[in-house]
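In my numbering, each residue's number is its place in the sequence shown (first place is 1) plus 98.
Note that the Cβ used here is the ideal one computed from N, Cα and C, for glycine as well.
The next block holds one structure in the form of structure tokens; read it before the comments.
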Amino acid sequence: MESARLNTRIIYEQPLSERVRSFLRIEHLFNQVEYFIKGTNEWENRQTLVLLIEIVDFLSRSDLKSELMKELERHSNTLTALNGSPGVDATRLRAILDNINANLYTLRDNGCQPGQTLRQDEFITTIKQRIAIPGGTCNFDLPNYNFWLHRPPEERAQQMNYWLNDLLIVRNSIGLCLQMIRNSTNPTHKQAENGFYQQIIESNVACQLIRVLLPVEAACYPEISGGKHRFTIRFLEQPRTSTRPVQTKAAVNFELHCCIL
Numbered sequence: 099m100e101s102a103r104l105n106t107r108i109i110y111e112q113p114l115s116e117r118v119r120s121f122l123r124i125e126h127l128f129n130q131v132e133y134f135i136k137g138t139n140e141w142e143n144r145q146t147l148v149l150l151i152e153i154v155d156f157l158s159r160s161d162l163k164s165e166l167m168k169e170l171e172r173h174s175n176t177l178t179a180l181n182g183s184p185g186v187d188a189t190r191l192r193a194i195l196d197n198i199n200a201n202l203y204t205l206r207d208n209g210c211q212p213g214q215t216l217r218q219d220e221f222i223t224t225i226k227q228r229i230a231i232p233g234g235t236c237n238f239d240l241p242n243y244n245f246w247l248h249r250p251p252e253e254r255a256q257q258m259n260y261w262l263n264d265l266l267i268v269r270n271s272i273g274l275c276l277q278m279i280r281n282s283t284n285p286t287h288k289q290a291e292n293g294f295y296q297q298i299i300e301s302n303v304a305c306q307l308i309r310v311l312l313p314v315e316a317a318c319y320p321e322i323s324g325g326k327h328r329f330t331i332r333f334l335e336q337p338r339t340s341t342r343p344v345q346t347k348a349a350v351n352f353e354l355h356c357c358i359l
């Protein structure tokens, strides 16, 4: 589950499909890369490389490129059907469809193999073989890594951005898919009595993602679980990290988004 601050609220998300689950995991990794890659010190650069390797490992273990194409095609078909409908902003719709088609065009290219640059990089391969070992990337283990980490910051930044550019089609496509899913619904305000809420999902609706928004000062957090037909939310309190969380007995007001696109 991903949680992120939005002004004075925290967003909690729970995917209801494996595809969206994978997209959220990759997004989580890219968000970290985009933070650490701006850094110039050794530890920020080390973390950037660890994250890039994690992303490539994820891509190697799943057919993410195919999943992205299927999802973009699904959105394209759904939005194309809205063309000419009353109340639809035709200019905005066209812009979104053009964005979808541009990403699809790149992904369909046989030469588009995200992560291949990093997989074939000897330096990255050497680091990858050591990071699973606790403390395995010490200076005495990888003198070439130590050497690289002391190159000028501009040189390291150029190299890291070169590696990242090989993955941007994935970042852009996932960002587009998740943006459309997140924006596909209007929020509703609900109350969980004794910290518990359950909702039936209509049989003709494919809910992709549940989002719960709470104020940052809330004394509890949601634990969301669900499937095709229903989902439940338990609001838990954990005043001390040394004790187990327990379901609150209070009535909890929250904002709910059932993303169905």
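Residue from the options whose Cα sits closest to the Cα of residue i
i, options, result
"GLU111", "ARG328, LEU276 and LYS288", "LEU276"
"VAL148", "ILE198, GLY234, SER164 and ARG190", "GLY234"
"TYR295", "GLU315, GLY273, SER301 and PRO320", "PRO320"
"PRO250", "THR204, LEU122, GLY137 and ILE198", "GLY137"
"ASP155", "ALA230, PRO184, PRO337 and ALA193", "ALA230"
"GLU152", "ARG254, ASN199, LEU262 and THR204", "LEU262"
"CYS318", "LYS326, HIS287, LEU240 and ASN351", "ASN351"
"PRO113", "PRO337, LYS326 and ARG338", "LYS326"
"ARG228", "GLN336, ASN105, THR106 and ARG144", "ARG144"
"ARG107", "GLU315, PRO337 and ALA348", "GLU315"
"GLU220", "GLN211, GLN256, PHE238 and ASN242", "ASN242"
"ARG217", "ARG159, LEU122, PRO232 and LYS168", "ARG159"
"TYR203", "ASP187, SER164 and THR215", "SER164"
"ARG172", "ASN199, ASP187 and HIS248", "ASN199"
"GLU142", "THR189, PHE121, MET258 and THR339", "MET258"
Where residue i sits in the DSSP three-state scheme
i, result
"HIS355", "strand"
"GLY324", "strand"
"PRO251", "helix"
"PHE156", "helix"
"VAL314", "coil"
"CYS346", "Contrary to the premise, residue 346 reads as Thr rather than Cys in this sequence. DSSP places THR346 in coil when its eight states are reduced to three."
"LYS136", "coil"
"PRO46", "Residue 46 lies beyond the range of the chain shown here (99 to 359); nothing can be said about it."
"ILE308", "strand"
"GLU335", "strand"
"ILE108", "strand"
"THR235", "coil"
"THR341", "coil"
"GLU125", "helix"
"ARG103", "Residue placement at ARG103 is flagged as unreliable, the pLDDT there being 47, under the threshold of 50; the coordinate-derived value follows with that caveat. Strand at ARG103."
For residue j and residue i, believed in contact at Cβ under 8 Å, the rounded distance
i, j, result
"GLN306", "PHE329", "12 Å between Cβ atoms; not a contact."
"LEU166", "SER271", "5 Å"
"LEU240", "ILE225", "7 Å"
"PRO343", "GLU335", "6 Å"
Contact check, residue i vs residue j, beta carbons under 8 Å
i, j, result
"ASN139", "LEU170", "no"
"GLY213", "LEU265", "yes"
"LEU359", "SER282", "yes"
"PHE134", "THR146", "yes"
"THR346", "PHE333", "yes"
"ASN308", "CYS236", "First, the amino acid is wrong: residue 308 is Ile here, not Asn. No, these two residues do not count as a Cβ contact at 8 Å."
"ILE279", "VAL118", "yes"
"LEU205", "LEU177", "no"
"LEU274", "ASN197", "yes"
"VAL268", "ILE109", "no"
Residue i classed as buried or exposed, judged by whether at least 16 other C-beta atoms fall within 10 angstroms
i, result
"ALA290", "buried"
"PRO313", "exposed"
"SER301", "exposed"
"LEU162", "buried"
"LEU180", "exposed"
"HIS287", "exposed"
"GLY293", "buried"
"PHE245", "exposed"
"ALA349", "exposed"
"VAL310", "buried"
"PHE238", "exposed"
"ARG254", "buried"
"SER183", "exposed"
Any C-beta of chain C under 8 Å from that of residue i
i, result
"LEU265", "Here chain C cannot be found, since the structure has a single protein chain."
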